[in-house]
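First the structure, in the form of structure tokens, and then the observations on it.
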């Protein structure tokens, strides 16, 4: 079955520290990969996406993610977080060209502490 | 400009009552539209999606239904709500490959 796993439900981190949010997906011939962010009581917004090309993709707010095909992972990173980065982050995948259907992970809550 | 509106934003309903959540999109035509539900600690579950007027695909069997009476309108309904229907409901349209544009959400509490 096609699935997306976010290994950490909560990640606490101090302000200005680096952070990595992990995402793995069930193997597939081809995938499109996404990270979304959700601030409290709001809808989701796209943070970054990988469709093809360079495996390192950069998004908004200083975030980046790296596609690792052999490990079927798409981890999200930021070298220095801010209080305003506190939010829930969702990894999402489109499997094998089904461009209309995103499968989301369970989400990771990033808690940035002063 | 492209916008998506959902209402109501908050709803408290008794068990067994009906439900209607509405979603409208502006600034685009013939969009692919989606209803997701977000329950606490469970991520996003795709409920329905629609590629055109009157075309609805259901992802999971459940107590809910969806309709698309107009090109840019998508409605989520229930005849009799269950406690398990509580959650945060999000409407979205597909703006590009995998790029969903979400509404602000409707929080439903069933008591």
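Chains as they are written, first to last, in the working numbering: chain A, 1 to 114; chain F, 1 to 111. For every residue, glycine included, the Cβ atom is placed at its ideal position computed from N, Cα and C.
Helix, strand or coil for residue i, going by three-state DSSP, please let me know.
i	result
residue 61 of chain A	helix
residue 83 of chain F	helix
residue 65 of chain F	strand
residue 53 of chain F	coil
residue 97 of chain F	coil
residue 30 of chain A	coil
residue 84 of chain A	helix
residue 45 of chain A	strand
residue 13 of chain F	strand
residue 17 of chain A	coil
residue 31 of chain F	coil
residue 109 of chain A	strand
residue 40 of chain A	coil
How would you call residue i, buried or exposed, if buried means at least 16 neighbouring beta carbons within 10 angstroms?
i	result
residue 88 of chain A	buried
residue 31 of chain F	buried
residue 89 of chain F	buried
residue 12 of chain F	exposed
residue 97 of chain F	exposed
residue 107 of chain A	buried
residue 16 of chain F	exposed
residue 78 of chain A	buried
residue 49 of chain A	buried
residue 14 of chain A	exposed
residue 1 of chain A	exposed
residue 37 of chain F	buried
Name the residue from the options whose alpha carbon lies nearest to the alpha carbon of residue i.
i	options	result
residue 41 of chain A	F:111, F:47, F:12 and F:105	F:105
residue 63 of chain F	F:18, F:26 and F:22	F:18
residue 71 of chain A	A:22, A:1 and A:12	A:22
residue 31 of chain A	A:110, A:12, A:3 and A:78	A:3
residue 87 of chain F	F:59, F:9 and F:58	F:9
residue 4 of chain F	F:20, F:28, F:15 and F:36	F:28
residue 64 of chain A	A:7, A:20 and A:14	A:20
residue 51 of chain F	F:67, F:38 and F:7	F:67
residue 39 of chain A	A:56, A:113 and A:109	A:109
residue 92 of chain F	F:46, F:20 and F:42	F:46
residue 108 of chain F	F:2, F:21 and F:1	F:21
residue 96 of chain A	A:26, A:16, A:5 and A:12	A:26
If I'm right that residue i touches residue j with Cβ under 8 Å, what's the distance once you round it to whole angstroms?
i	j	result
residue 18 of chain A	residue 84 of chain A	That pair is no contact at about 16 Å.
residue 51 of chain A	residue 60 of chain A	Incorrect: roughly 16 Å between the Cβ atoms, too far for contact.
residue 71 of chain F	residue 53 of chain F	6 Å
residue 59 of chain F	residue 74 of chain F	That belief does not hold up - the Cβ atoms of residue 59 of chain F and residue 74 of chain F are roughly 14 Å apart, past 8 Å.
residue 102 of chain A	residue 67 of chain A	That pair is no contact at about 16 Å.
Chain B beta carbons: is any one of them nearer than 8 Å to that of residue i?
i	result
residue 90 of chain A	In the structure shown, chain B does not exist; the protein chains are A and F.
Could you please tell me which residues of the segment 95-109 of chain A, in chain order, have their CB closer than 9 Å to any CB of chain F? Within the segment 95-109 of chain A, the residues whose Cβ lies closer than 9 Å to some Cβ of chain F are 99, 100, 101, 102, 103, 104, 105, 106 and 107, listed in chain order.
Name, going along the chain, the residues of the segment 37-67 of chain A whose beta-carbon falls closer than 9 Å to a beta-carbon of chain F. Under the 9 Å Cβ criterion, the segment 37-67 of chain A contributes 38, 41, 42, 43, 44, 45, 46, 49 and 51.
Looking at chain F, which residues of the segment 24-36 of chain A have a Cβ within less than 7 Å of any of its Cβ atoms? Within the segment 24-36 of chain A, the residues whose Cβ lies closer than 7 Å to some Cβ of chain F are 32 and 34, listed in chain order.
Using a Cβ-Cβ cut-off of less than 7 Å, give me the residues of the segment 70-102 of chain F that come near chain A, in sequence order. Contact annotation: in the segment 70-102 of chain F, residues whose CB is within less than 7 Å of a CB in chain A are 90, 94, 97, 98, 99, 100 and 102.
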